[in-house]
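Residue numbers (UniProt numbering): 1 to 670. Note that beta-carbon positions come from the ideal geometry of N, C-alpha and C, so glycine has one too. Since the structure is predicted, the reported quantities are computational estimates derived from the model, not experimental observations. Written out below as structure tokens is the structure these notes cover.
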């Protein structure tokens with residue numbers, strides 16, 4: 001191998017070595033210790049002489065036989081055994097050359113070092129070194145350097161680990177020391193607090209003992225003085241109590257007499273108010289109560305004068321009380337006499353009023369009977385001709401419909417006769433009571449302020465009619481408990497709806513709409529309830545057909561009055577105002593039902609009893625002769641409730657109907 005090629009291969013090997021591939025960072029920490037190794041001149045390690053002696057000696061032995069051989073027979077340098085293992089083992093054995101070998105090391109180094117000298121075109125030449133042994137030596141040196149670096153790195157790691165352990169031990173020791181110091185500080189603080197508390201407690205006990213001693217001395221002095229004063233105070237107190245007792249007795253007697261006078265005066269004034277002729281008994285003009293009134297005023301003045309005199313004097317005397325009591329007895333006698341006279345006059349007036357009322361009822365019934373039998377033509381003002389008389393009877397189709405509904409109601413009553421007429425079987429009676437409560441109580445709960453409860457009430461009624469069990473009065477009730485239970489509930493429910501019209505709607509007119517919306521929804525799902533509702537309504541309010549019952553032969557006056565819708569109790573007919581109020585409530589409920597539907601139901605089908613029935617009722621009502629008070633009241637209530645709905649439905653025809661009422665029907669009331 002030529003020296004030139006050997007040099008280039010050496011440079012390439014150095015460049016490819018780990019040293020040649022190292023990269024240096026410019027951001028390394030600054031400092032003289034760090035840069036000292038970089039700035040100092042290059043110096044060989046003290047181990048270099050020892051390494052080179054062994055390497056050169058071995059290389060000379062290997063190269064000597066190779067010179068006698070031909071170049072073809074010489075083995076490549078790469079196949080020669082490396083001496084890195086020997087050097088490594090020698091380094092592990094710890095046999096490193098010391099200062100005694102330094103002269104030989106220096107000589108060997110001078111023999112081994114090569115210099116680069118420019119010869120010609122950048123040629124490199126080795127000085128005093130055999131060219132053939134250079135690659136093997138370089139490799140061995142490089143191996144030794146790497147081994148040294150690895151040993152240095154391992155030593156650094158070990159030192160770093162030991163330093164970390166020392167730091168951790170130092171931190172633990174400092175932490176333990178701080179914890180112990182903190183404990184000692186807490187114990188010292190607690191000890192100081194305890195000592196301070198004990199000192200304070202001792203001071204307080206000492207002061208308490210001193211205060212108790214002073215208090216005992218003061219108590220002793222007080223007891224001595226109290227004994228002296230008690231004797232004096234006891235005598236003064238006994239004398240004062242005797243005087244106070246006498247004064248108290250005198251005042252109590254005076255106050256008792258004064259209260260008695262005031263009570264007598266109050267009673268006299270109250271009795272005097274009973275004989276006021278202008279307020280109490282103005283409906284009895286024939287009785288003259290002026291004499292009683294004058295005498296009562298005199299007695300009141302006498303009592304007031306006595307009380308005024310005693311107030312100025314202080315307390316009343318027993319004589320004053322006796323005088324006021326005599327005045328009170330006189331006033332009571334005066335009131336008794338007046339009440340007897342008034343009672344006699346009232347009784348006489350009552351008999352006279354009853355006689356007049358009976359005569360008026362008989363005349364009224366006779367007039368209604370005459371109107372029902374003979375229609376009276378109505379005359380218009382302004383001298384126009386008489387108009388044709390209106391009907392006094394309902395149309396035949398209407399009467400047939402009315403009779404069918406009544407027959408259906410009677411059949412329903414007959415169908416549950418077993419449950420309604422049972423008197424001996426307690427179980428059936430209990431079922432009857434539970435079913436009636438379950439059917440009527442929810443309807444009673446419907447009011448003008450029902451609000452969100454309407455749906456709950458509707459579901460409860462619907463479930464009962466559908467055969468589902470419902471809760472009523474804390475018990476479970478179902479129509480399946482008795483074979484006739486469903487018919488019984490149908491009948492009682494329809495009757496309750498009509499009664500609510502005559503009671504709740506009559507008292508609170510706006511209650512018609514919540515009741516009507518529930519009734520309409522039940523009617524739509526259970527049509528039989530609707531038929532029974534109409535039957536009850538026509539029976540209690542025949543004007544809802546419309547139908548004017550006629551007085552037949554053999555019918556008593558009380559029965560005929562019930563047929564007209566009046567309530568008769570103890571042979572006494574209800575007052576006309578109460579009668580009109582009930583009729584108004586039922587007509588209002590009917591007018592609300594025909595225009596309302598249950599909002600949560602199926603609205604695809606037609607209303608079971610819609611506005612067409614209301615239009616038919618209005619037309620038939622106007623075709624019949626008007627009755628005094630009744631017709632006008634019912635027309636007003638009906639139109640007030642559903643007039644707007646009829647106007648939207650029939651439009652021009654409705655206004656024609658209103659014009660007919662104003663121009664042709666109203667004059668018939670004259």
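Mapping the DSSP letters down to three states, classify residue i as helix, strand or coil.
{"i": "residue 447", "result": "coil"}
{"i": "residue 568", "result": "strand"}
{"i": "residue 549", "result": "coil"}
{"i": "residue 18", "result": "coil"}
{"i": "residue 607", "result": "coil"}
{"i": "residue 254", "result": "helix"}
{"i": "residue 629", "result": "coil"}
{"i": "residue 317", "result": "coil"}
{"i": "residue 526", "result": "coil"}
{"i": "residue 667", "result": "helix"}
{"i": "residue 587", "result": "helix"}
{"i": "residue 405", "result": "helix"}
{"i": "residue 8", "result": "helix"}
{"i": "residue 643", "result": "helix"}
{"i": "residue 482", "result": "coil"}
{"i": "residue 555", "result": "coil"}
{"i": "residue 601", "result": "coil"}
{"i": "residue 634", "result": "helix"}
{"i": "residue 218", "result": "helix"}
{"i": "residue 300", "result": "helix"}
{"i": "residue 416", "result": "coil"}
{"i": "residue 249", "result": "helix"}
{"i": "residue 281", "result": "At residue 281, the pLDDT of 49 sits below 50, so the modelled position is not reliable and the matter cannot be decided from this model."}
{"i": "residue 144", "result": "helix"}
Name, in chain order, the residues that DSSP records as bridge partners for residue i.
{"i": "residue 472", "result": "475"}
{"i": "residue 573", "result": "568"}
Here's a check: name, in chain order, each residue in its chain whose Cβ is nearer than 7 Å to the Cβ of residue i, leaving out the five neighbours to either side.
{"i": "residue 594", "result": "609, 610, 611, 613, 614, 642"}
{"i": "residue 530", "result": "523, 608, 609"}
{"i": "residue 527", "result": "608"}
List the endpoints of the continuous alpha helix (DSSP H) containing residue i.
{"i": "residue 423", "result": "First-last for residue 423: undefined, no H or E at that position."}
{"i": "residue 274", "result": "Premise fails: residue 274 is in no alpha helix (DSSP H) and is neither H nor E."}
{"i": "residue 491", "result": "485-500"}
{"i": "residue 655", "result": "652-660"}
{"i": "residue 594", "result": "Run containing residue 594: none; DSSP gives neither H nor E here."}
{"i": "residue 510", "result": "No alpha helix (DSSP H) contains residue 510, which DSSP labels as neither H nor E."}
{"i": "residue 458", "result": "453-465"}
Please determine, among the options, the residue with the shortest C-alpha to C-alpha distance to residue i.
{"i": "residue 334", "options": "274, 485, 568", "result": "274"}
{"i": "residue 331", "options": "264, 349, 321", "result": "264"}
{"i": "residue 547", "options": "236, 627, 408, 201", "result": "627"}
{"i": "residue 362", "options": "148, 558, 19, 634", "result": "558"}
{"i": "residue 139", "options": "196, 13, 170, 166", "result": "13"}
{"i": "residue 489", "options": "466, 474, 473", "result": "466"}
{"i": "residue 255", "options": "314, 328, 572", "result": "314"}
{"i": "residue 616", "options": "16, 462, 348, 397", "result": "397"}
{"i": "residue 619", "options": "596, 394, 416, 11", "result": "394"}
{"i": "residue 508", "options": "476, 446, 553", "result": "446"}
{"i": "residue 417", "options": "484, 236, 577, 518", "result": "484"}
{"i": "residue 328", "options": "316, 318, 351, 302", "result": "302"}
Using C-beta distances below 8 Å, list every residue in its chain close to residue i, excluding the 5 sequence neighbours before and after it, in chain order.
{"i": "residue 269", "result": "300"}
{"i": "residue 320", "result": "257, 261, 306, 309, 310"}
{"i": "residue 82", "result": "Summary for residue 82: the model assigns pLDDT 42, below 50, so the residue's position carries little reliability; its value from the coordinates is reported in the next sentence. These residues qualify, in order along the chain: 136, 139, 140, 143."}
{"i": "residue 422", "result": "428, 429, 432"}
{"i": "residue 472", "result": "434, 437, 438, 441"}
{"i": "residue 298", "result": "none"}
Considering only residues of the same chain and omitting the five flanking positions on each side of residue i, which have a CB-CB separation below 6 Å?
{"i": "residue 579", "result": "566"}
{"i": "residue 591", "result": "638, 641, 642"}
{"i": "residue 20", "result": "14"}
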